[in-house]
Amino acid sequence: MQRLNTLWQLVNVATTIKDLAQHKRTYQFVVNDPITFYLQTHEADVHLSRWEKRQVEMTVTLQASFGWRVATDQDEAGVYVAAKRRAVVGRVSGALFEIFVPYDTYIIVRLQNCNLKLNGIGGEFHFNPADERLLLSDGKE
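Numbering (the working numbering), first residue to last: 59 to 199.
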């Protein structure tokens, strides 16, 4: 019985550590007219998709969430998201942003050292020259 109690305590500790290490939150913004969606972040994975709904939905999954600060805002012109790693503790953390926007949304992303995946998005893309390698993918593995 003592072994079973010890094993159960270890399982509880492991679950608590996992919960502390990963934090997931979904933001939903209802929109009526065409809007602008703006995202600024660095060293994160960003998946951006369009859909039929009249809302912006963003699910943020943070590894070691204590290392991140995420701020959101909405007005009649758009939805704005800024996410920043904290200077020291942020080095051990990671982030995934899964974003869905209406088809008529104007999208601005300001990314630094990020992985960007575009789903169902077309148009003309301009990339500034950088010292870092630029990889474009059509989404096929």
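Cβ atoms here follow ideal geometry from the backbone N, Cα and C, with glycine treated the same way. Computed from a predicted model, the values in this text were never measured in an experiment.
Among the options, the one whose alpha carbon lies nearest that of residue i
i    : options                   : result
L106 : L169, E115, N171 and F158 : F158
D133 : Q67, W66, N186 and F95    : F95
E110 : C172, F185, V89 and Q67   : V89
S151 : E101, F183, I165 and D162 : E101
T84  : L97, P160, R112 and E156  : E156
E182 : G125, I166, A122 and C172 : I166
L97  : Q121, F185 and V128       : V128
Proximity below 8 Å, CB of residue i to CB of residue j
i    : j    : result
E115 : Q80  : no
K82  : T130 : no
A153 : A145 : no
Y161 : R108 : yes
D103 : N173 : yes
G125 : R143 : yes
H64  : L169 : The sequence shown places Thr at residue 64, rather than the His named in the question. No.
Where residue i sits in the DSSP three-state scheme
i    : result
A122 : coil
R61  : helix
K102 : Looking at the sequence shown, residue 102 is not Lys but Ala. Three-state result, A102: coil.
A145 : coil
A153 : strand
A79  : helix
G197 : Caution is warranted here: a pLDDT of 48 is assigned to G197, below 50, making its placement in the model unreliable, and the coordinate value is therefore given only provisionally. If DSSP states are grouped into helix, strand and coil, G197 belongs with coil.
(Q) For the pair the region 124-138 and the region 177-188, tell me if three or more CB-CB distances fall below 8 Å. (A) no
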